[in-house]
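Visitor:
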């Protein structure tokens with residue numbers, strides 16, 4: 002990998018200072034020392050980060066393009082992130098906005114194994130938008146969660162995931178919960194004669210996740226959900242690789258640091274490392290993403306990029322049934338709408354509300 | 002673990018809205034759904050987060066104390082962070098400021114194995130402040146890095162670490178670099194008749210790190226450096242546990258998201274999970290930490306906290322030799338001053354500058 006990585010930062014600085022600030026940033030994210038300490042000419046020429054362009058985006062805000070030597074960041078996800086935004090994450094005037102990678106990276110990382118079309122194939126839903134829901138609250142025992150899954154699935158929800166707060170707690174151990182929910186889902190699928198999927202939340206150290214993945218395989222499940230920023234990008238990538246044949250769903254927990262652009266992190270990078278689908282908060286719910294952020298994120302997940310399969314955008318976060326039309330108009334049909342809490346609040350009418358949700362999504366654009 | 006975790010957030014809100022905002026935050030970081038969806042009384046009583054106190058810290062800024070059920074966060078580092086700041090990291094009005102844990106957590110996580118006294122024992126330096134430096138720039142071959150280590154060690158630097166940008170690159174593979182630097186260090190130690198330590202940067206997936214740890218052990222080294230926020234907290238903790246007898250140094254790469262207080266993340270939590278020493282940017286260098294942030298971070302690393310050993314503060318980030326007196330006056334002697342770039346810029350006088358650095362530190366307070 003001899004080509005250069007092009008990184009775009011947004012930097013706050015006075016116009017008179019931006020050139021020096023950009024230069025310092027290029028050094029921080031490459032050799033990280035005074036140039037006086039760099040005596041080898043080859044390192045000065047090739048390894049030191051280079052400022053390629055500076056463009057104003059406001060009176061005291063600039064877009065700065067820096068090129069980094071790909072030799073400094075082998076195709077190891079943690080080291081790539083380290084080189085893109087390791088130390089400069091501690092400098093509050095900098096935001097990591099975008100990255101263009103030489104083709105060797107997408108080839109090495111591989112991206113989604115199944116992607117949108119793979120998920121559609123598993124669900125037998127080639128065109129319509131998809132539906133998802135979440136099992137919560139935490140504190141429920143496995144059988145209670147299984148009961149919720151069963152009732153949601155009877156309403157035809159395509160994918161039912163563990164809430165990201167549900168991990169491997171004493172009140173609902175992974176080894177007990179996953180088989181219980183899987184059984185409930187099989188029964189509901191048999192009743193409806195349709196494929197519906199359950200995504201357990203796989204978490205902990207790489208060792209923990211591999212033990213959990215064994216259970217997922219034993220239950221014949223097709224999907225897992227992980228939190229890449231908490232389990233570590235390298236471990237996320239490794240699990241995504243090892244989860245051969247499984248759909249990998251990425252959850253944005255802890256990904257909210259405001260200084261990595263969400264479309265880059267949740268859209269582009271998670272996809273690069275193997276996310277078949279990426280969950281993110283849709284605007285207008287409990288989170289602060291703007292419509293522009295959501296649009297950019299969905300675009301980054303789905304658009305043509307090297308040979309990587311498209312990744313499914315999964316807007317979530319306080320969506321209610323009455324927003325379905327609005328969301329499908331916004332995202333089109335290559336999307337999964339994830340409605341958790343507002344469905345569960347339906348109580349005894351859970352299956353009916355789930356059925357209304359899935360019917361509305363299915364009828365859109367017919 | 003039946004007691005509650007007390008989490009302190011700083012929240013931006015208008016006075017008329019803070020009560021509702023705090024309540025929403027307590028729900029977000031616990032059951033994460035409308036209370037109408039929480040039908041079991043026991044979950045409402047015990048699992049739902051509770052707002053314990055709200056205190057103003059500015060006109061539109063409040064300190065909010067929320068208690069969470071420890072049942073929701075077993076002693077697994079990733080899940081703990083997930084419960085403390087998973088989804089709310091995506092809400093820009095919230096900062097994670099502090100956490101008080103029931104005693105079962107420190108007991109389960111264990112904290113530093115060796116801590117400050119263990120590091121002092123390895124160096125035969127029971128009282129004085131310690132000195133550190135870094136091998137850089139990246140791009141150098143193993144023998145060149147080994148040469149720098151040798152010349153720094155001849156100047157008496159206690160601990161020499163890989164730059165955090167040096168990982169397992171083709172120009173300096175871990176398996177070639179670590180033995181080369183270790184040999185150079187052994188030779189310098191023999192010349193000086195003193196113990197000096199080399200800390201290789203261990204990175205990648207948990208599998209990668211274990212392979213690297215084998216090399217570290219084979220070379221008889223005493224220290225490793227890791228980036229907890231990049232390798233994942235659970236994997237950091239696991240490696241810290243498996244690195245039996247080794248000093249574990251934590252590096253702040255990617256830890257700079259402004260919305261987790263640095264004293265909490267780099268001081269308290271890294272220590273909790275096994276950091277014997279924690280590197281952070283000292284104020285006045287290339288980073289934006291204030292004196293108050295640095296003081297709070299050093300305090301969090303060193304103060305009495307349950308039965309955990311103290312963790313050594315390692316201020317770094319653009320420190321020059323002429324600031325030694327200032328830094329030692331600020332931190333006292335339970336500290337390691339890390340001077341990298343400004344020493345390396347000395348070129349041919351590297352050993353002399355290193356000797357001046359170590360002599361100045363040794364003479365302080367004599």
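Residue numbers (this note's numbering), protein chains in the order written: chain R, 2 to 367; chain Y, 2 to 367.
Note that the Cβ used here is the ideal one computed from N, Cα and C, for glycine as well.
(1) At a CB-CB cut-off below 8 Å, which residues of chain R make contact with residue 205 of chain Y?
(2) Alpha carbon to alpha carbon, how far is residue 113 of chain R from residue 107 of chain R? Give it in angstroms, no decimals.
(3) Give, in chain order, every residue of the segment 335-347 of chain Y whose Cβ lies closer than 9 Å to some Cβ of chain R.
(4) Check each residue of the segment 248-262 of chain Y: if its Cβ is closer than 8 Å to any Cβ of chain R, include it; give the result in chain order.
(5) Quick test of the definition: if touching needs 3 or more C-beta pairs under 8 Å, does the segment 318-326 of chain R touch the segment 118-127 of chain Y?
(6) Taking only heavy atoms of the ligand PLP into account, decide whether any of them is closer than 7 Å to the Cβ of residue 35 of chain R.
(7) When the cut-off is 8 Å and only beta carbons count, does residue 287 of chain Y lie next to chain R?
(8) Excluding sequence positions up to five away, which residues of its chain have a Cβ less than 8 Å from the Cβ of residue 185 of chain Y?
(9) Going by beta-carbon coordinates alone, are residue 286 of chain Y and residue 137 of chain Y separated by less than 8 Å?
(10) Would you call residue 2 of chain Y buried or exposed, if buried means 16 or more other Cβ atoms sit within 10 Å of its Cβ?
(11) Go ahead and label residue 43 of chain Y buried or exposed: buried means 16 or more other beta carbons lie within 10 angstroms of its beta carbon, across all protein chains shown.
(12) Going by beta-carbon coordinates alone, are residue 205 of chain Y and residue 163 of chain Y separated by less than 8 Å?
(13) Can a CB atom of chain R be found closer than 8 Å to the CB of residue 316 of chain Y?
(14) Closer than 8 Å is the cut-off here; do at least three beta carbon pairs connect the segment 197-214 of chain Y with the segment 174-183 of chain R?
(15) Is residue 295 of chain Y close to chain R? Criterion is C-beta to C-beta, closer than 8 Å.
(16) If you measure beta-carbon to beta-carbon, which residues of the segment 134-146 of chain R are closer than 9 Å to chain Y?
(17) Secondary structure at residue 95 of chain R, three-state DSSP: helix, strand or coil?
(18) Verify the CB distance criterion: does residue 208 of chain R have a CB-CB separation below 8 Å to chain Y?
(19) Whole alpha helix (DSSP H) runs in the segment 223-251 of chain Y with 4 or more residues, listed along the chain?
(20) If you draw a straight line from the C-alpha of residue 100 of chain R to the C-alpha of residue 237 of chain R, how long is it?
(21) Closer than 6 Å by C-beta to residue 298 of chain R: which residues in its own chain qualify, once you throw out the five before and the five after it? Chain order, please.
(22) Check whether the Cβ atoms of residue 157 of chain R and residue 355 of chain R sit closer than 8 Å, and answer yes or no.
(23) How far does the alpha helix (DSSP H) with residue 12 of chain Y in it extend, from its first residue to its last?
(24) Around the C-beta of residue 334 of chain Y, are 16 or more other C-beta atoms found within 10 angstroms, so that it is buried, or is it exposed?
(25) What span of residues does the beta strand (DSSP E) with residue 53 of chain Y cover, start to end?
(26) Residue 86 of chain R versus chain Y: which residues are under 9 Å apart at the beta carbon?
(27) Please tell me whether residue 368 of chain R has its Cβ less than 8 Å away from any Cβ of chain Y.
(28) Cutting at 8 Å between CB atoms, please list the residues of its own chain near residue 221 of chain Y, excluding the five before and the five after it.
(29) Count the other CB atoms, across all protein chains shown, that sit within 10 Å of the CB of residue 352 of chain Y; report buried if there are 16 or more and exposed otherwise.
(30) Write down every uninterrupted run of the beta strand (DSSP E) in the segment 295-344 of chain Y whose length is 3 residues or greater and which is fully enclosed by it, in chain order.
(31) Start and end of the alpha helix (DSSP H) containing residue 114 of chain R?
(32) What's the call for residue 193 of chain Y, buried or exposed, on a 16-neighbour Cβ count within 10 Å?
(33) Is the beta carbon of residue 70 of chain R sitting closer than 8 Å to the one on residue 48 of chain R?
(34) Go ahead and pull the three-state DSSP assignment for residue 282 of chain Y.
(35) Of the residues that make up the segment 169-181 of chain R, which ones have a beta carbon closer than 7 Å to any beta carbon in chain Y?
Guide: Checking against the coordinates, here is how it stands:
(1) 77, 79, 80, 235
(2) 10 Å
(3) 341, 342, 343, 344, 345, 346, 347
(4) 253, 254, 255, 256, 257, 258, 259, 260
(5) no
(6) This structure lacks the ligand PLP, and indeed carries no ligand of any kind.
(7) yes
(8) 147, 148, 150, 151, 154
(9) no
(10) Unreliable placement is indicated for residue 2 of chain Y, whose pLDDT of 49 sits below 50; no coordinate value is reported for it.
(11) exposed
(12) no
(13) no
(14) no
(15) no
(16) 135, 137, 138, 139, 140, 141, 145
(17) strand
(18) yes
(19) 229-232, 234-243
(20) 20 Å
(21) 263, 264, 267, 268, 281
(22) yes
(23) Run containing residue 12 of chain Y: none in the alpha helix (DSSP H); it sits in the beta strand (DSSP E), 5-13.
(24) exposed
(25) 51-59
(26) 254, 255, 257
(27) Given a span of 2 to 367 for chain R in the structure shown, any question on residue 368 of chain R remains unanswerable.
(28) 183
(29) buried
(30) 313-317, 337-339
(31) Looking at the DSSP string, residue 114 of chain R is not in any alpha helix (DSSP H), and its letter there is neither H nor E.
(32) exposed
(33) yes
(34) strand
(35) 169, 170, 171, 172
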